[in-house]
Every structure is written in C-alpha cells, then in structure tokens.
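Offset between the sequence shown (1-based) and the numbering used here: plus 272.
Let me begin by presenting the structure, written as structure tokens, before commenting on it.
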Amino acid sequence: MFFTSVGRVLAFITVTFGGMRLVSGVGVAINGTPEAAARYLGSATSGAAIDQGIMTIGIGIALGILTDISRSLRR
Numbered sequence: 273m274f275f276t277s278v279g280r281v282l283a284f285i286t287v288t289f290g291g292m293r294l295v296s297g298v299g300v301a302i303n304g305t306p307e308a309a310a311r312y313l314g315s316a317t318s319g320a321a322i323d324q325g326i327m328t329i330g331i332g333i334a335l336g337i338l339t340d341i342s343r344s345l346r347r
C-alpha cells in the first residue's frame, strides 16, 4: 500500500509539472522569441518543450492508472 500511495503522489506531481511545461512552452511559442525558448525553457525550441510536456503528462496519467489498478487489486 505504501508504493501505491507514493505512486499516486508522483502521478499528481508529474501531471502538474508536465502541464506547467506545456503551458510555458505554448506561452513562449505565442509571445516569445527563439532565444527566449532556450533561456526560459531549457530547450532548443518551444516545440520541444511542448512535446516534453505532453510526454510527461502521458507518463503521469499512465502512472495514475497503474496505481488505480493496484488499489483495486488490493481491495
């Protein structure tokens, strides 16, 4: 049960940070310059930051699904 609880917290944190990366990537893509992407996002382009944000959200959702499966098997 400990790993399920930790997994749920990590899934929430992963989805949150992925969403923040996605929003900041879109914000720089709309309002910024290519130099701003490298400076503020740590990526070569804002598109790379958006891709990383989407992938991080997907990983967080997958982890959340796995923890829900673990909880249902425990019951």
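Heads up, the beta-carbon is just placed ideally off N, CA and C, and yes, glycines get one too.
Computed from a predicted model, the values in this text were never measured in an experiment.
Note the first and the last residue of the continuous alpha helix (DSSP H) segment covering residue i.
| i | result |
| --- | --- |
| Ser277 | Phe274 to Asn303 |
| Gly332 | Ser318 to Arg346 |
According to the neighbour-count rule (16 or more other Cβ atoms, all chains shown, within 10 Å of its Cβ), is residue i buried or exposed?
| i | result |
| --- | --- |
| Ala321 | buried |
| Ala334 | exposed |
| Ser277 | exposed |
| Arg347 | exposed |
| Ser344 | exposed |
| Thr286 | buried |
| Gly314 | exposed |
| Thr328 | buried |
| Gly319 | exposed |
| Thr339 | buried |
Contact check, residue i vs residue j under 8 Å by CB: the rounded distance?
| i | j | result |
| --- | --- | --- |
| Ala310 | Ala316 | 6 Å |
| Ala283 | Gly330 | Not a contact, Cβ separation roughly 11 Å. |
| Gly290 | Gly325 | 5 Å |
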